[in-house]
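Here the sequence shown is numbered in my numbering, starting from 798 and rising by one per residue.
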Amino acid sequence: MTHPLVTQDMIDTFQKDGVVLIKGLFAEEVETLRVGVAANMAEPGPYASENKKDGHTGRFFDDYCNWTRIPEFREVIETSPVAEVAADLMNSQTVQMFHDHVLVKEPGTSLPTPWHQDGPYYFVEGQQTVSFWSPLDPVKEAALRCVAGSHLWEKEVLPTRWVSETDFFPDEGQYMAVPDPEAEGMRVVEFEMEPGDAVAFNYKVLHGARGNTSETRRRAFSLRLVGDDARYVERPGPTSPPYPGHDMTPGQRLREDWFPMLRGE
């Protein structure tokens, strides 16, 4: 029995394209998340970034791994239907927390979010993964953009640093260069969204976002979850988020005291 927000067509689309829109996933939690984002911006965590680049205007703030210290984020994670929806989309019995991410583009922010896959930055490997990207303001041009089917590519995309555009890892042939989806004729999926809607996408989906040239803020809350087949994997260099001292070994499920189960067997 699937959650009322999810249909079989949506599950099939998620499996085939790696991305689907969930209308109203956080509709009841928008105000709570706005309070949480304000608290996060007032007291950034150790991984916060202002993403400044010469020649660009506005402010692009992002920060992650704050749900354990910001009660509003914890409340939404524990009380919203996100775990049940994630289980349906991933075809997974279990749903495990990975991390949260806040991305705020103030009005007149010209810097885009570059094309990238999340998976190669992470120390998690598996096909049962899902990120939920939810705007807390109406979005049109500044919405998330995803390349349909890119989660099924034979090679992953080489991760790069967003501002400097330098490679995150040395490339020894296991990664492909970051493509130009529009120039290469790929199918790019994007949605006009209301606060509380969510784009669900696989960690291996290539995605990005334009700058925010509108006159209104674009606050977004993102939540990254994993399912049954997700396992710890070592990468060619440091991962993001790093989680120093985790003591996990390749092939191990993520340790539940750091990454709690939101839905068990």
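Note that CB positions come from ideal geometry on N, CA and C, so glycine has one too.
Own chain, CB closer than 6 Å to residue i, minus 5 neighbours either side, in chain order
i       : result
PRO1057 : MET894
SER846  : ASP859
THR1046 : none
GLY993  : GLY821, PHE823, ALA824 and VAL827
Same chain only: Cβ atoms within 8 Å of residue i, ignoring 5 sequence neighbours per side
i       : result
ARG1014 : VAL901, LYS902, GLU903, PRO904 and ASP934
GLY1034 : PHE965, PHE966 and PRO967
TRP864  : PHE870, ARG871, ILE874, MET894, HIS896 and ASP897
Beta-carbon proximity list for residue i, same chain, < 7 Å, skipping 5 on both sides
i      : result
SER964 : Sequence inspection shows Asp at residue 964; the Ser mentioned does not correspond to that position. For ASP964, where only same-chain residues beyond five positions count, the Cβ hits under 7 Å are LEU955 and THR957.
GLN924 : ASP1026
Per-residue DSSP class, three states only, for residue i
i       : result
ASP934  : coil
SER947  : helix
GLU922  : strand
THR1091 : As displayed, the chain neither begins before 798 nor continues past 1062, which places residue 1091 out of reach and without an answer.
ASN837  : helix
ASP860  : strand
ALA880  : helix
ALA939  : coil
VAL1030 : coil
ARG871  : helix
VAL1063 : As displayed, the chain neither begins before 798 nor continues past 1062, which places residue 1063 out of reach and without an answer.
LEU886  : helix
Environment of residue i [buried if 16+ CB atoms lie within 10 Å]
i       : result
SER877  : buried
PRO1039 : exposed
GLU1012 : exposed
GLN805  : exposed
ASP915  : buried
Nearest-angstrom beta carbon gap, residue j and residue i [assumed within contact, 8 Å]
i      : j       : result
LEU886 : PHE811  : 5 Å
PRO917 : TYR972  : 7 Å
LEU830 : PHE1018 : 5 Å
LEU941 : TRP930  : 5 Å
For residue i: DSSP bridge partner residues
i       : result
GLN893  : VAL1023 and MET1058
ASP964  : THR957
GLY1005 : ARG942
GLU1040 : Per the sequence presented here, residue 1040 reads as Tyr, with Glu not at that position. In DSSP, TYR1040 forms no bridge with anything.
LEU908  : DSSP lists no partner for LEU908.
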